[in-house]
Amino acid sequence: MVSTSEQWSPNNYVTHASFVPVLTSRVVSLLAPTSADHILDLGAGDGILSIAIASQAASVHCTDGSPHMVEYARARVTEGKIANVTTEIIDGGTEVKELVPVGKYNKVFSNAAYHWIFGSLPSNEARAKAFQDVYDILPQGGEFVVECGGHGNIGEILVALVSVVKSAWAKKGVVKTYAEIKEKLWPWYFATNDEIEEWLKAAGFKIELLEREYRPTTLNNGDIGMKGWIDTFGFTFWEGLNEEEKDACITEAVELLRGADWLEREGKWVAGYVRCRFKATKE
2 MVSTSEQWSP NNYVTHASFV PVLTSRVVSL LAPTSADHIL DLGAGDGILS
52 IAIASQAASV HCTDGSPHMV EYARARVTEG KIANVTTEII DGGTEVKELV
102 PVGKYNKVFS NAAYHWIFGS LPSNEARAKA FQDVYDILPQ GGEFVVECGG
152 HGNIGEILVA LVSVVKSAWA KKGVVKTYAE IKEKLWPWYF ATNDEIEEWL
202 KAAGFKIELL EREYRPTTLN NGDIGMKGWI DTFGFTFWEG LNEEEKDACI
252 TEAVELLRGA DWLEREGKWV AGYVRCRFKA TKE
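Per our numbering, the sequence shown starts with residue 2, numbered consecutively.
Here's what the structure looks like:
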């Protein structure tokens, strides 16, 4: 599977993806943080949402698999002198049970990260185990609250990225199949609600809510918004290509997407996001 932990750019994320921690009213309402809550945030990225949640909670442990993102979040916490937020590098797919003390956190939260976590794991069995590990570290009555990309998320962007990658390699005399690109370059796994339900129930969780929402999402920075999105999130697709080939691919992908995601009258890009959202309890 694709490894992304060392490739994240906090500067790109802040510039082109600041909408991610902002569009969270629904999932944060499900989390319903209180002054009694000690919360583990998995895949917290730049830490902005963790810090916001901490204003209502006893403590938040802000974690991510990317050292660069954790370093950025830690700097924000230090600069803000935020006493109830801590930071740590934790791979949410493989290290939760190893690094998190059992019962220390009564809520586990994640926003916009599990599709990356799932994508880093080799099978549905491994994805189910990731949920089992969360269940095992929660106390009785503990809650697991997540929003992530669901099946069908950014479908039009994926079609464009696969198309330009296949074309770039064909120009080099190499045939790349869809299956090969998905296995080696595609960093995400967008689970269906049926899969999420199966993994939660197998772990022992009681599902309080499980929903799927089509949420068209306006990208940052006007006309350059789609290029910025691809630079920030699509970096794994260019493995094996040089900078000139990469730039040509991004330019071509943006042009392909103008017919689907560009709102010319409004001067903005709108990506076809599909969100899976759930709240589950350890009985």
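Glycine included, every Cβ here is placed at the ideal spot set by N, Cα and C. Please read these numbers as outputs of a predicted model, since none were measured by experiment.
Proximity below 8 Å, CB of residue i to CB of residue j
i	j	result
Asp137	Val166	no
Gly143	Lys108	yes
Leu288	Leu31	Residue 288 lies beyond the range of the chain shown here (2 to 284); nothing can be said about it.
His69	Asn221	no
Leu186	Glu240	yes
Ala127	Ile118	no
Asp184	Arg278	Note on residue identity: the sequence assigns Glu, not Asp, to residue 184. No, the pair does not count as a contact, with Cβ atoms beyond the cut-off.
Segment limits, alpha helix (DSSP H) that includes residue i
i	result
Lys228	Gly226 to Phe234
Asn107	No alpha helix (DSSP H) contains Asn107, which DSSP labels as neither H nor E.
Asp134	Asn125 to Ile138
Leu159	Gly156 to Lys172
Lys183	Tyr179 to Lys185
Ser26	Ser26 to Leu32
Glu339	In the structure displayed, the chain extends from 2 to 284; residue 339 sits before or after that span and is not available.
Nearest-angstrom Cα separation, counted from residue j out to residue i
i	j	result
Arg216	Ala261	15 Å
Val61	Leu159	34 Å
Gly153	Phe191	7 Å
Asp1	Lys82	Since the displayed the chain opens at 2 and closes at 284, residue 1 lies outside it and no answer follows.
Ile197	Ala171	37 Å
Leu258	Leu242	21 Å
Lys269	Thr25	21 Å
Gly226	Asn13	12 Å
Ala37	Glu80	25 Å
Arg75	Phe20	20 Å
Glu267	Thr218	14 Å
With 16 other Cβ atoms within 10 Å as the buried cut-off, status of residue i
i	result
Thr233	buried
Glu244	exposed
Glu151	With the sequence shown as reference, residue 151 is identified as Gly, and Glu is not the correct amino acid for it. Under this definition Gly151 is a buried residue.
Thr178	exposed
Pro11	buried
Gly174	exposed
Gly223	exposed
Glu99	exposed
Val23	exposed
Asp248	exposed
Glu72	exposed
Leu41	buried
Val135	buried
Glu148	buried
Ser121	buried
Arg276	buried
Pro123	exposed
Segment limits, beta strand (DSSP E) that includes residue i
i	result
Ile49	Note, Ile49: premise wrong, no beta strand (DSSP E); alpha helix (DSSP H) at Ile49 to Ala55.
Thr252	Run containing Thr252: none in the beta strand (DSSP E); it sits in the alpha helix (DSSP H), Glu244 to Asp262.
Trp270	Lys269 to Lys283
Ile40	His39 to Asp42
Coil, strand or helix - residue i by DSSP
i	result
Thr219	strand
His69	helix
Gly143	coil
Ile83	coil
Arg266	coil
Phe206	strand
Asn112	strand
Leu211	strand
His17	helix
Ile90	strand
Ala45	coil
Cβ of residue i within 8 Å of any chain C Cβ
i	result
His39	Protein chains in the displayed structure number just one, and chain C is not present.
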